[in-house]
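A.B. asks:
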Amino acid sequence: MDLLNTLVEKGLRRELPTREEALAVLATSDDELLEVVAAAGKVRRQWFGRRVKLNYLVNLKSGLCPEDCSYCSQRLGSKAEILKYTWLKPDEASQAAAAGVAGGAKRVCLVASGRGPTDRDVERVGKTIEAIKEQNEGVEVCACLGLLSDGQAERLREAGADAYNHNLNTSEATYGDITKTHTYADRVDTVQKAHAAGLSACSGLIAGMGESDEDLVDVVYALRELDSDSVPVNFLIPFEGTPLAKEWNLTPQRCLRILAMVRFVCPDVEVRIAGGREVHLRSMQPLALHIANSIFLGDYLTSEGQAGQADLDMIADAGFEVEGAGTTTLPKHRADVLAAAGAAGGCGSEASAEGSGCGSHAEEGGGCGPCGGHAAPVRTSDEARTDLVAVRRRGAGTDLAPNA
272 MDLLNTLVEK GLRRELPTRE EALAVLATSD DELLEVVAAA GKVRRQWFGR
322 RVKLNYLVNL KSGLCPEDCS YCSQRLGSKA EILKYTWLKP DEASQAAAAG
372 VAGGAKRVCL VASGRGPTDR DVERVGKTIE AIKEQNEGVE VCACLGLLSD
422 GQAERLREAG ADAYNHNLNT SEATYGDITK THTYADRVDT VQKAHAAGLS
472 ACSGLIAGMG ESDEDLVDVV YALRELDSDS VPVNFLIPFE GTPLAKEWNL
522 TPQRCLRILA MVRFVCPDVE VRIAGGREVH LRSMQPLALH IANSIFLGDY
572 LTSEGQAGQA DLDMIADAGF EVEGAGTTTL PKHRADVLAA AGAAGGCGSE
622 ASAEGSGCGS HAEEGGGCGP CGGHAAPVRT SDEARTDLVA VRRRGAGTDL
672 APNA
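My numbering numbers the first residue of the sequence shown as 272 and each following residue consecutively.
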């Protein structure tokens, strides 16, 4: 179709699509879905080949967040039954990170709940970064600690951080509907602080919160304007005990269209399938690898992910390969810009970065369909299948270590 040919040509030239073209991707039919995936795949392969970058989350501090983000199981007043604990010690975090690195993860993402770090918290995280890098040679570290104050991004960079994650999550027009305790502008400011400090900026979105197609396009265009090196795409899991507990709006087909739209708008950045892929993409996860070039390995912040070995098998079976530690993630033109910025600011890292900020949680899909021998009701592909979802809270009610 002419639309997809145009988008491929623009993607290969790093040219921004029009808003109408981006909206048209989200409006394509199921009959056109494989053509959409194939077109986005051409752009993905141009800039990233068949490599898949693995990232691993370490939840440094869980629960009891004073912010009111409606999507988050750690939010103020949340009744979600999740693990709650204060800061991990540097050696504990390093041990948790080592498990991910052993599984092939190239980047470790250090996440802590809360509005933002105190200077003492930054010092604590700095020691954790040092411990991880001492134990795991060549590993990249991304911090995700909430809103940053002046000078904190520079201190994280000096401690060895390679990247900083802070998601915009949704459009500026609808941000006030999901969070009241801080603003969209606050989030933009933190991404800009990270960029200015020479850190690789990572910022993404959460789809499935009841937003419109226009909202999705707005936030992705904003991410391109911020020049994020990495764009994690989270798919909301409506956690029991949160205000969005009944928001089941996504299907595998919808998720693939969203990923394709992100790839066309941000052709040469790391697009990561983050929280919620197991629930919403389900058996169509391998198709998503033709669009995105990055995923999380293992568990997420407050929920279980797909088994790590299952992820590795999926990547291999789909004909992709895990990106090695010696490979630069970003295309040369972006990596060179980042290296120059890092050299000017004292940081020499290449880009990618972490997804899933303090609330972009993923859950685990699975379970079975209707049982008992009865025929399943006929559904259209645009209807969410909540009967297939089995959310598993990570480690709740157990002695499991964070992200064990």
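Beta carbons are placed, not taken as given, at the ideal position from N, Cα and C, and that holds for glycine.
1. Use the C-beta contact count for S565: other C-beta atoms within 10 angstroms, 16 or more gives buried, fewer gives exposed.
2. To the nearest angstrom, report how far apart A402 and L381 are at their CA atoms.
3. Using 10 angstroms around the beta-carbon of N276, count the other beta-carbons present and answer buried if the total reaches 16, otherwise exposed.
4. Nearest CA to the CA of L530: which residue from R315, E286, E280 and D582?
5. When you compare only the Cα positions, how much space is there between A430 and V308?
6. Is the distance from the Cβ of L254 to the Cβ of L439 below 8 Å?
7. Check whether the segment 323-340 and the segment 370-387 touch, using three or more Cβ-Cβ pairs below 8 Å as the test.
8. Drop a sphere of 10 angstroms on the beta-carbon of E286, count the other beta-carbons inside from all chains shown, and report buried for 16 or more, exposed for fewer.
9. Does the segment 433-448 come close enough to the segment 470-479 to have 3 or more Cβ pairs within less than 8 Å?
10. Does DSSP put L601 in a helix, in a strand, or in coil?
11. By DSSP, does K332 sit in helix, in strand, or in coil?
12. For A383, which residues does DSSP report across the bridge?
13. Using a Cβ-Cβ cutoff of less than 7 Å, which residues in the same chain neighbour Q556 once the five nearest sequence positions on both sides are dropped?
14. Can you list, in chain order, the residues of its chain with a C-beta nearer than 7 Å to that of E306? Leave out the 5 residues immediately preceding and following it.
15. I'd like the ranges of any alpha helix (DSSP H) spanning at least 4 consecutive residues and lying wholly in the segment 348-434.
16. Tell me which same chain residues have a C-beta within less than 6 Å of the C-beta of R650, skipping the five on either side of it?
17. Is the segment 447-464 close to the segment 489-506, with three or more CB pairs under 8 Å?
18. For H561 and R391, what's the separation of their Cα atoms in angstroms?
19. Among the candidates A559, E280, S333 and L283, whose CA atom is the shortest distance from the CA of N505?
20. To the nearest angstrom, how far is it from the Cα of K404 to the Cα of V296?
C.D. replies: Let me spell this out:
1. Taking the first residue of the sequence shown as 1, we reach residue 565 at position 294. Buried is the call here.
2. Residue mapping note: residue 402 aligns to position 131 of the sequence shown, counting from 1. Residue mapping note: residue 381 aligns to position 110 of the sequence shown, counting from 1. Rounded to whole angstroms, A402 to L381 spans 12 Å at the Cα level.
3. On the sequence shown, residue 276 is found 5 positions in, with the first residue counted as 1. Per the 10 Å Cβ criterion, exposed.
4. Along the sequence shown, read from residue 1 onward, the residue named residue 530 stands at position 259. The candidate whose alpha carbon is nearest that of L530 is R315.
5. Within the sequence shown, residue 430 is the residue found at index 159, counting from 1. Within the sequence shown, residue 308 is the residue found at index 37, counting from 1. Each residue's Cα considered, the two are about 40 Å apart.
6. Residue 254 is absent from the structure shown; the chain starts at 272 and stops at 675.
7. yes
8. The residue you call residue 286 lines up with position 15 of the sequence shown. Label assigned to E286: exposed.
9. yes
10. In the sequence shown, counting from the first residue as 1, residue 601 sits at position 330. Correct three-state label for L601: coil.
11. Within the sequence shown, the letter at position 61 stands for residue 332. Strand at K332.
12. If you number the sequence shown from 1, residue 383 lands on position 112. Looking at the DSSP assignment, A383 forms a beta bridge with K332.
13. For the purposes of this step, residue 556 is taken as residue 285 along the sequence shown, with counting starting at 1. Correct list, in chain order: R548 and M585.
14. Start at 1 with the first residue of the sequence shown, and residue 306 comes out as number 35. Result list for E306: M272 and L275, in chain order.
15. 361-373, 390-406 and 423-429
16. Indexing the sequence shown from 1 puts residue 650 at position 379. Bear in mind that the predicted position of R650 carries a pLDDT of just 37, short of 50, making it unreliable; the figure below should be weighed with that in mind. So no residue of the chain qualifies.
17. yes
18. As a position in the sequence shown, residue 561 is number 290, starting the count at 1. As a position in the sequence shown, residue 391 is number 120, starting the count at 1. Answer to the nearest angstrom: the Cα atoms are 42 Å apart.
19. Position 234 of the sequence shown, counting from 1, holds the residue named residue 505. The residue with the shortest Cα to Cα distance from N505 is A559.
20. Here residue 404 is taken as the residue at index 133 of the sequence shown, counted from 1. Here residue 296 is taken as the residue at index 25 of the sequence shown, counted from 1. For K404 and V296, the distance between alpha carbons rounds to 41 Å.
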